[in-house]
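*Asks:*
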Amino acid sequence: MKRHHTTALLSLLLCMGTATTPALAAGPATSAISATSAPADRADEAVVKAIGRAAHPLRTTEPGGPDGDLRALDRVVGDARVVGIGEATHGSHEFFALKQRVFRHLVRERGFRTYALEAPWSTGLRLNDYVLHGKGDPRRIMREDFQDSYLLWNTREYLSLVQWMRSWNLAHPGDPVRFMGNDVAYAGPDLYDRVLDYVRRAHPAVLPELTALYRDLRPTGPSGPYLRDYLTRPLAERRERAALATRALDLLRKQRPAPGRAAGEAYRWAVRNALAIRQTADQYAFDFTGQDGVTAGMRYRDRVMADNTAWWQENTGGKVLLSAHNGHIGYRSGDPVNYPKTQGAFLRDRLGARYVSVGLTFHHGTFNGVGADDAMLDANVRRFTVAAAPGGNEDTLDRVRHRDYLLDLRTAPAPARDWLRAPRTALDYGTAYPAPQKPVALARTFDALIHLHSVRASDRIPAGEGG
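Shown next, in the form of structure tokens:
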């Protein structure tokens, strides 16, 4: 059965998810126990031993406690301003927990000050207000904004992260950490209010015109139904909305801030927020009924996520941990038809060696997701169990003597070097299962990898809890 067109498109907007409508080209799904691009026999033992000699074991994936085992990661990070850390599913506890552990370490030891998530810009600002100022309830923010394509982010692991960030800021008021969302699939009402509130204070003469331009764009209901409804609208209407968002941005850009640093900063952020609104409208203005439109739309999304991340880093001055799917933070796409160029490739173009990518792999375990034909609704979320394919990347990686470990792919010794540069099937899931499994050449895609023996499904926050 083919997946509903809108559901498949929303899956693409978050992850390397399944896409089986005619316009969304994808090869046949591979079972969790078969390989498509690697020999069936096991890798040469010399490769396993070479990886074992270069690997650095991890003490745990859980945040807290001693972090001496992460010193090897410091050498991987080097002088990078942005470090992308991936995940092989969007719904496994160990991936989320490990990233919090790494972020805590990088904050304390390497001067990192922002956690950037593959989430809407507007949601990031709401959570950042909590992290910086204690404004709002993170449970409520997550419940309201992490719907549909972002449903799997509404977890205790992410709640724990933002609560730790808030506690850091209470203890270090002069040296705060920040939370950002770099994605474009949703621009919440709070984002429109931020722009309009700025104009009301600084440029009241243009407030009526800007209010009129935003009237039909600003969401008035829950984010999930809004997202599902947007793509059902005719292309001409979506493009008209994009034109309105562009006119609003142009109007704001024509204004000039009052003298002074504070006024200039307020203007700069208002313009950026208006740009984020336009980015969302532009994302939905592509013609997703044809493959050319899908390809162009997904390229646009990864480019914009990279632009947003780089802008944030440059304007806040702090280093950034970027959390997204492996398929976004790496340099090569495993699905170039739908995702022609990755966020990681755009960041490498912009930042050079100041961007470093770390992929995450696992041998077996469970994750939260929905069926390939299901809408992204709470009622449809299930736990799926998968295992490495014989002859695939994880099958060999898991034969290394360490349970969980870090490997710098740039300095891996022979014969591991050649093995790591060859494409093999990999466990790679977004929000949906089953999904086509694409070959991944690890050393051509990432600078380093962290391999985990097993993972379990993340701890979702039940609907209606808190807030």
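Numbering (mature numbering (1 follows the signal peptide of the UniProt record, and there is no 0)), first residue to last: -25 to -1, 1 to 442. Just so you know, even glycine gets a beta-carbon here, dropped at the ideal spot from N, CA and C.
1. Using the Cα positions of L372 and G199, report the straight-line distance between them to the nearest angstrom.
2. To the nearest angstrom, report how far apart K294 and Y330 are at their CA atoms.
3. Grab me the residues of D349's own chain with a C-beta within less than 6 Å of its C-beta, minus the 5 sequence neighbours each way, in chain order.
4. Hey, would you say T36 sits closer than 8 Å to E69, going by beta carbons?
5. Considering only DSSP beta bridges, list what N343 is partnered with.
6. Ends of the alpha helix (DSSP H) at I252?
7. Residues in the same chain with beta-carbon distance under 6 Å from H65, minus the five sequence neighbours each way, listed in chain order, please.
8. Whose CA, out of K229, G265, P390, E369, lies closest to the CA of residue 522?
9. Count the other CB atoms within 10 Å of the CB of L(-2); is the residue buried (16 or more) or exposed (fewer)?
10. Which class does F321 belong to by DSSP, given the choice of helix, strand or coil?
11. When the Cα atoms are used, what is the spatial distance from G39 to R276?
12. DSSP state of M351, grouped into three classes?
13. With 16 as the cutoff for other CB atoms within 10 Å, does S433 come out buried or exposed?
14. Rounded to whole angstroms, what's the CA-CA distance from I116 to R101? Just pull it up for me.
15. Following the continuous alpha helix (DSSP H) through I116, name the residue where it begins and the one where it ends.
16. Alpha carbon to alpha carbon, how far is P32 from Y380?
17. What does a CB cutoff of less than 6 Å around Q122 pick up in its chain, not counting 5 residues either side in sequence?
18. Just the Cα atoms here: how many angstroms apart are R321 and Y306?
19. Take the Cβ of N283 as the centre, count every other Cβ of all protein chains shown within 10 Å, and call the residue buried at 16 or more, exposed below.
20. Kindly indicate which three-state DSSP category Y380 falls into: helix, strand or coil?
21. Leaving out five residues on either side along the sequence, give the residues of the same chain with a beta carbon under 8 Å from the beta carbon of D120.
22. Comparing the CB of W128 with every heavy atom of the ligand MG, is any distance shorter than 7 Å?
23. Locate the beta strand (DSSP E) running through F70, then write down its first and last residues.
24. Do V361 and I425 have their CB atoms nearer than 8 Å?
25. Quickly, what does DSSP pair T336 with across the bridge? List them, please.
26. Taking all protein chains shown into account, decide if P113 is buried (16 or more other Cβ within 10 angstroms of its Cβ) or exposed.
27. Would you be able to state if there are at least three C-beta pairs under 8 Å between the region 135 to 154 and the region 179 to 192?
28. Is it the case that the Cβ atoms of V57 and Q318 are separated by a distance below 8 Å?
29. Look up M155 in the DSSP assignment and give the residues it is bridged to.
30. Closest to E132 by CA distance: which of K74, A177, L145 is it?
31. Between which two residues does the alpha helix (DSSP H) containing S142 stretch?
32. Skipping 5 residues on each side, what residues in its chain have a beta carbon closer than 6 Å to that of A91?
33. Decide if R376 is buried, meaning its Cβ has at least 16 other Cβ atoms within 10 Å, or exposed.
34. With 16 as the cutoff for other CB atoms within 10 Å, does A249 come out buried or exposed?
35. Do S67 and F342 count as a contact pair if the criterion is CB distance below 8 Å?
*Replies:* Reading off the structure:
1. The residue given as residue 372 occupies position 397 in the sequence shown. The residue given as residue 199 occupies position 224 in the sequence shown. Near 38 Å, if we compare the C-alpha coordinates of G199 and L372.
2. Here the question's residue 294 lines up with position 319 in the sequence shown. Here the question's residue 330 lines up with position 355 in the sequence shown. Between K294 and Y330, the C-alpha separation is close to 10 Å.
3. Here residue 349 corresponds to residue number 374 of the sequence shown, with the count starting at 1. Shown here for D349: same chain residues with a beta carbon closer than 6 Å to its own, the five before and five after excluded, namely N355 in chain order.
4. In the sequence shown, residue 36 corresponds to position 61, counting from 1. In the sequence shown, residue 69 corresponds to position 94, counting from 1. The answer is yes: Cβ separation under 8 Å.
5. Walking along the sequence shown from the start, residue 343 turns up at place 368. Paired residue(s): R358.
6. Locating residue 252 in the sequence shown gives position 277, counting from the first residue. It spans 236 to 258 - the alpha helix (DSSP H) in which I252 sits, taken as one unbroken run.
7. Mapped onto the sequence shown, residue 65 falls at position 90. So the list reads C(-11), L127, G405, T406, once near-sequence residues are dropped.
8. Coverage of the chain is limited to positions -25 through 442, which leaves residue 522 absent and any answer about it impossible.
9. Residue -2 sits at position 24 when you count from the first residue of the sequence shown. A caution first: L(-2) carries a pLDDT of 41, below 50, which makes its placement in the model unreliable, though a value can still be read off. By the Cβ neighbour-count rule, L(-2) is buried, with 16 or more other Cβ atoms within 10 Å of its own.
10. On the sequence shown, residue 321 is found 346 positions in, with the first residue counted as 1. Judged by DSSP in its simplified three-state form, F321 adopts helix.
11. Position 64 of the sequence shown, counting from 1, holds the residue named residue 39. Position 301 of the sequence shown, counting from 1, holds the residue named residue 276. Rounded to whole angstroms, the gap between the alpha carbons of G39 and R276 is 34 Å.
12. In the sequence shown, counting from the first residue as 1, residue 351 sits at position 376. Assigned with DSSP and collapsed to three states, M351 falls in coil, not helix or strand.
13. By one-based count along the sequence shown, residue 433 stands at place 458. By the 10 Å Cβ count, S433 comes out buried.
14. Taking the sequence shown and counting its residues from 1, one reaches residue 116 at position 141. Taking the sequence shown and counting its residues from 1, one reaches residue 101 at position 126. Going by the C-alpha atoms only, they are around 7 Å apart.
15. The sequence position of residue 116 within the sequence shown is 141, counting from 1. Note, I116: alpha helix (DSSP H), 113 to 120.
16. As a working mapping, residue 32 is identified with position 57 in the sequence shown. As a working mapping, residue 380 is identified with position 405 in the sequence shown. About 4 Å.
17. Counting from one through the sequence shown, the residue named residue 122 turns up at place 147. Only S198, G199 meet the Cβ criterion.
18. Position 346 of the sequence shown, counting from 1, holds the residue named residue 321. Position 331 of the sequence shown, counting from 1, holds the residue named residue 306. According to the sequence as given, residue 321 is Phe; it is not Arg. Put simply, the backbone Cα of F321 is about 8 Å away from that of Y306.
19. Sequence index remark: in the sequence shown, residue 283 carries index 308 (1-based). When all chains shown are included, N283 counts as buried.
20. As a working note, residue 380 is residue 405 in the sequence shown. The three-state reading of DSSP puts Y380 in strand, counting E and B together.
21. Mapped onto the sequence shown, residue 120 falls at position 145. Closer than 8 Å at the Cβ level, and outside the excluded window around D120, lie A94, P95, S97, T98, R101, Y161, G163, S198.
22. In terms of ligand content, the structure shown is empty, and the ligand MG therefore cannot be addressed.
23. In the sequence shown, residue 70 corresponds to position 95, counting from 1. Unbroken run through F70 is the alpha helix (DSSP H), 68 to 85; no beta strand (DSSP E).
24. Here residue 361 refers to the residue found at position 386 when the sequence shown is read from its first residue. Here residue 425 refers to the residue found at position 450 when the sequence shown is read from its first residue. Result no, Cβ atoms of V361 and I425 do not sit closer than 8 Å.
25. On the sequence shown, residue 336 is found 361 positions in, with the first residue counted as 1. Note: T336 sits in a beta bridge opposite H426.
26. Position 138 of the sequence shown holds residue 113. By the 10 Å Cβ count, P113 comes out buried.
27. No, the region 179 to 192 is not in contact with the region 135 to 154.
28. Mapped onto the sequence shown, residue 57 falls at position 82. Mapped onto the sequence shown, residue 318 falls at position 343. No, the Cβ-Cβ distance between V57 and Q318 is not below 8 Å.
29. Along the sequence shown, read from residue 1 onward, the residue named residue 155 stands at position 180. DSSP, once it has assigned bridges, lists A91 as partnering M155.
30. By one-based count along the sequence shown, residue 132 stands at place 157. Each of K74, A177, L145 was checked against the Cα of E132, and the nearest Cα belongs to K74.
31. Residue 142 sits at position 167 when you count from the first residue of the sequence shown. For S142, the enclosing alpha helix (DSSP H) starts and ends at 131 to 146.
32. Here residue 91 refers to the residue found at position 116 of the sequence shown. For A91, where only same-chain residues beyond five positions count, the Cβ hits under 6 Å are M155, N157, T284, V295, L297.
33. As a position in the sequence shown, residue 376 is number 401, starting the count at 1. Exposed is the call here.
34. On the sequence shown, residue 249 is found 274 positions in, with the first residue counted as 1. Classification of A249: buried, given that the 10 Å Cβ count is 16 or more.
35. Position 367 of the sequence shown, counted from the first residue, corresponds to residue 342. Position 92 of the sequence shown, counted from the first residue, corresponds to residue 67. Yes, these two residues count as a Cβ contact at 8 Å.
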